[in-house]
Amino acid sequence: MSTSPITEASAPTTSKAQEPEETRVISLPGLCVFAVAIGVVAAAGAVIFRFLIAVVHNFFFYGKFSFAFDANHVGEPSPWGAGIILAPVIGGLIVVYLVRTFAPEAKGHGVPEVMYAIYHKRGNVRGIVAVVKSLASAISIGSGASVGREGPIIQIGAAFGSSLARAFNLVRWQKITLLAAGAGAGIAATFNTPFGGVLFAVEILLPEFSNRTFLPVVVATATATYVMHVVLGVETAFFVPTATDIQHGAIAIEQLAGFAILGFLAGFVSWAFIRVLEKCEDWFPKLPGNEYTQNIIGMLLVGSMSYAFFVTTGAYHTAGVGYAAIQDILNDNPQTFVLLGCLLVGKLLATSISLGSGASGGVFAPSLFLGACTGGLVGLAGQHLFPGSEFSIAEFGLVGMGAVVGGATGGAMTAIMMIFEMTRDYNVMVPLVLAVALAVGVRRWLITANIYTIKLRNRGRPIPTNRFTNMYLVQQAHDLMSPNFLLLDSSVRVCDAIALMDAKDVDHVVVVTGKRIDGYLKYDALQHRGSEAANLELCDVVSRDYLVAPETSIMNTVISRMNKHNRRYGIVVQNTKGIPRPEDVVGVIDRTEIAEAVIANHYA
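Residue numbers (numbering that gives the first Met the number 0): 0 to 603.
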């Protein structure tokens with residue numbers, strides 16, 4: 000049985016003592032300067048990656064060297080005939096070798112590995128991952144595996160951001176910020192969606208949302224988008240002929256109901272995609288043989304599927320990113336229930352099998368494909384049920400794209416904004432918001448984890464389901480402190496202190512010497528010392544790993560100071576000037592108070 004890339008990647012290659020110390024904190028302007036560099040590299044990576052896909056695709060499908068490739072249009076038939084079935088098999092074997100030999104993290108769809116690095120590896124992504132991921136994903140996509148190109152670009156940008164931060168020994172939060180900036184810049188460069196890239200980083204990746212994390216992400220995505228405009232132009236990812244039509248009046252009620260139904264269906268499609276992908280990622284490693292034989296089996300299925308579509312429809316619909324099929328739906332070309340249904344099921348299976356058997360690529364583009372097919376089916380049904388109405392396959396396909404992306408990834412705002420930026424069709428904004436909200440709700444009702452987090456959960460490395468702002472962090476110290484303490488002189492014996500604490504039912508002691516705060520003790524710690532310490536004085540057993548915090552300090556500041564100075568306790572004092580005196584003490588904060596605040600915040 001093969002080992003998951005996340006498990007392999009988690010094995011440290013160096014001891015903790017050998018890792019560079021994260022000690023440097025740079026200013027926010029300095030962080031934004033780094034973000035500019037990250038945006039440029041992410042855009043360059045996106046351009047190079049596109050050309051790599053073009054070269055690989057032309058070589059595997061046509062046996063020639065060329066940079067000409069438009070994924071939004073159906074390509075010419077391959078001269079290999081049925082032999083094209085072997086293209087993803089050969090490409091897959093090369094991908095397995097690259098991933099196994101150089102970077103196990105490059106396997107799969109990329110975003111879970113980035114999230115794993117953020118939450119479980121202190122934001123560390125090896126630089127070699129960017130190189131291997133580029134090659135492996137270009138070969139997977141170009142040879143016909145059913146995966147997207149956005150996941151690799153996200154991982155490439157994240158790898159550069161992390162590597163840059165590690166080169167300067169930046170502290171963890173700044174390293175994670177630059178990592179997320181690289182990921183957001185990558186997706187912005189891929190789809191020409193600067194705001195969507197920002198929302199992706201904020202909504203899906205960043206554990207903290209504030210000016211210090213938001214601004215670098217904005218700078219990186221804006222830079223990456225500008226560079227892409229200079230190199231490749233300002234065209235949208237998809238062309239929607241109806242986008243320039245001006246909508247007069249509100250949407251008809253039957254259409255609005257159709258969009259609501261589409262939202263529900265998209266939620267079920269998102270759930271099915273997550274479940275089938277999960278099963279494939281678990282099933283293929285259990286097959287006999289090694290990763291090479293498992294990949295051969297999967298890629299034979301994928302190649303046969305794409306060739307079957309070519310024989311019946313004239314296009315390799317399930318091969319590669321699938322943008323041509325999406326564009327055909329958005330062009331409002333005539334469709335049939337049978338074709339859209341087959342495309343929906345075929346793409347879902349082809350993508351799950353590709354990733355499960357070892358391909359390297361993203362799930363965002365396949366989600367767009369599934370959404371376009373789902374929306375097309377609902378739009379086509381509306382045309383039959385309401386003849387003469389304004390039901391449009393293109394508009395329903397467009398809304399379906401956002402609904403499945405939002406449902407599968409959990410990024411509702413990301414999906415809404417990216418669909419608008421990719422098409423610039425403002426007419427569908429109201430139904431898009433409705434459908435995405437319903438899709439996310441239905442998917443969360445069926446399964447809590449999204450398509451990114453379920454892989455981490457199944458590997459025993461879960462991340463928080465709701466990465467909302469921790470409200471307890473903005474409460475003041477006096478709101479969370481324990482006022483249940485005693486002030487005792489350092490000359491008091493331990494046995495007497497325990498007796499006083501029992502009598503007054505308190506858990507904390509602040510030890511003082513004259514007009515000076517000397518330290519801190521907890522009831523459990525005194526009890527643990529046992530009878531041999533009964534006659535010792537408090538000054539002999541006092542703990543001095545504490546800090547003093549004004550009662551109006553917010554908890555985020557208190558906890559940050561405790562972590563920075565390696566302190567376990569906080570003694571809360573009134574807001575006085577100068578050195579705090581014993582009479583200024585109003586409470587204490589230790590792990591119990593922090594834990595209770597976290598639990599209360601979670602269940603509030």
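Built from N, CA and C at the ideal position, the CB exists for glycine as well.
Among the options, the one whose alpha carbon lies nearest that of residue i
| i | options | result |
| --- | --- | --- |
| TRP79 | SER142, PHE33, SER65 | SER142 |
| PHE267 | GLN334, GLY405, PHE283 | GLY405 |
| LYS563 | ALA135, ARG171, THR235 | ARG171 |
| GLU290 | ALA358, LEU276, ILE203 | ALA358 |
| ALA349 | VAL54, GLY147, PRO28, HIS56 | GLY147 |
| GLN474 | GLU592, ILE117, VAL429 | GLU592 |
| PHE38 | VAL511, ARG211, ILE152, ILE462 | Contrary to the premise, residue 38 reads as Gly rather than Phe in this sequence. The option with the nearest alpha carbon to GLY38 is ILE152. |
| VAL429 | PHE395, VAL216, GLY185, ALA594 | PHE395 |
| VAL337 | ARG23, ARG211, LEU376, GLY387 | LEU376 |
| ILE438 | LEU299, THR512, ALA265, ALA70 | Sequence inspection shows Ala at residue 438; the Ile mentioned does not correspond to that position. Among LEU299, THR512, ALA265, ALA70, the Cα nearest to that of ALA438 is on ALA265. |
| GLY126 | VAL110, ALA102, SER139 | ALA102 |
| LEU479 | GLU550, ARG23, VAL110 | GLU550 |
| ASN457 | PHE58, TYR115, ARG580 | TYR115 |
| LEU177 | TYR96, LEU27, ASN294 | LEU27 |
Residue environment, residue i, which counts as buried when at least 16 other CB atoms sit within 10 Å
| i | result |
| --- | --- |
| VAL310 | exposed |
| THR292 | exposed |
| GLN334 | buried |
| ASP544 | exposed |
| GLN154 | buried |
| GLU582 | exposed |
| TRP270 | buried |
| ALA41 | buried |
| HIS108 | buried |
| TYR519 | buried |
| GLN173 | buried |
| THR422 | buried |
| GLN254 | buried |
| GLU234 | exposed |
| PHE64 | exposed |
| THR6 | Low confidence applies to THR6: its pLDDT is 40, below 50, so where it sits in the model is not reliable, and the reading given next is rough at best. Flag for THR6 reads exposed. |
| GLY288 | exposed |
| GLY181 | buried |
| SER145 | buried |
| ASP425 | First, the residue type needs correcting, since residue 425 is Tyr and not Asp in the sequence shown. Flag for TYR425 reads exposed. |
| PHE66 | exposed |
| ARG460 | buried |
| ASN123 | buried |
| GLU389 | exposed |
| THR100 | exposed |
| GLY378 | buried |
| VAL332 | It is worth fixing the name first, because residue 332 is Asn in this sequence and not Val. It is exposed - the Cβ of ASN332 has fewer than 16 other Cβ atoms within 10 Å. |
| THR468 | Because THR468 sits at a pLDDT of 48, beneath the cut-off of 50, its placement in the model cannot be relied upon, and the following sentence gives the value as read from the coordinates. THR468 comes out exposed. |
| HIS507 | buried |
| GLY313 | exposed |
| VAL229 | exposed |
| ALA137 | buried |
| SER209 | exposed |
| HIS527 | exposed |
Bridge partners - residue i, DSSP secondary structure assignment
| i | result |
| --- | --- |
| ASP488 | VAL511 |
| SER481 | VAL587 |
| GLY569 | LEU546, ILE588 |
| GLY147 | GLY361 |
| GLN475 | ILE553 |
| GLY107 | SER359 |
| LEU169 | ARG23 |
Write down every uninterrupted run of the alpha helix (DSSP H) in the stretch 491-559 whose length is 4 residues or greater and which is fully enclosed by it, in chain order.
493-503, 522-528, 537-540
Output the residue ranges of the alpha helix (DSSP H) runs that lie fully inside the stretch 13-63 and measure 4 residues or longer, sorted by chain position.
27-61
Taking three-plus beta-carbon pairs below 8 Å as touching, is the stretch 123-132 in contact with the stretch 303-319?
no
Between the stretch 364-374 and the stretch 317-337, can you find at least three pairs of beta-carbon atoms closer than 8 Å?
yes
Would you call the stretch 220-234 and the stretch 378-394 touching, i.e. three or more CB-CB distances under 8 Å?
no
For the pair the stretch 569-577 and the stretch 488-496, tell me if three or more CB-CB distances fall below 8 Å.
no
Can you list the alpha helix (DSSP H) stretches of 4 or more residues lying completely in the stretch 320-362, in chain order?
322-329, 336-355
To test your reading of the DSSP string, which unbroken alpha helix (DSSP H) runs of 4 or more residues are found completely within the stretch 173-211?
193-199
Three-pair Cβ contact test at 8 Å for the stretch 322-333 versus the stretch 367-378:
yes
Considering only residues of the stretch 405-438, which uninterrupted alpha helix (DSSP H) runs meet the minimum length of 4 residues and lie entirely inside it, listed in chain order?
411-422
On the three-pair Cβ rule with 8 Å, is the stretch 445-457 touching the stretch 551-561?
no
Is it the case that the stretch 41-60 contacts the stretch 186-203, given that we only count it when at least three CB pairs across the two stretches are under 8 Å?
yes
Three Cβ pairs or more, each shorter than 8 Å: is that satisfied between the stretch 68-76 and the stretch 255-266?
no
Ranges of the alpha helix (DSSP H) found wholly within the stretch 256-309, counting only runs of at least 4:
none
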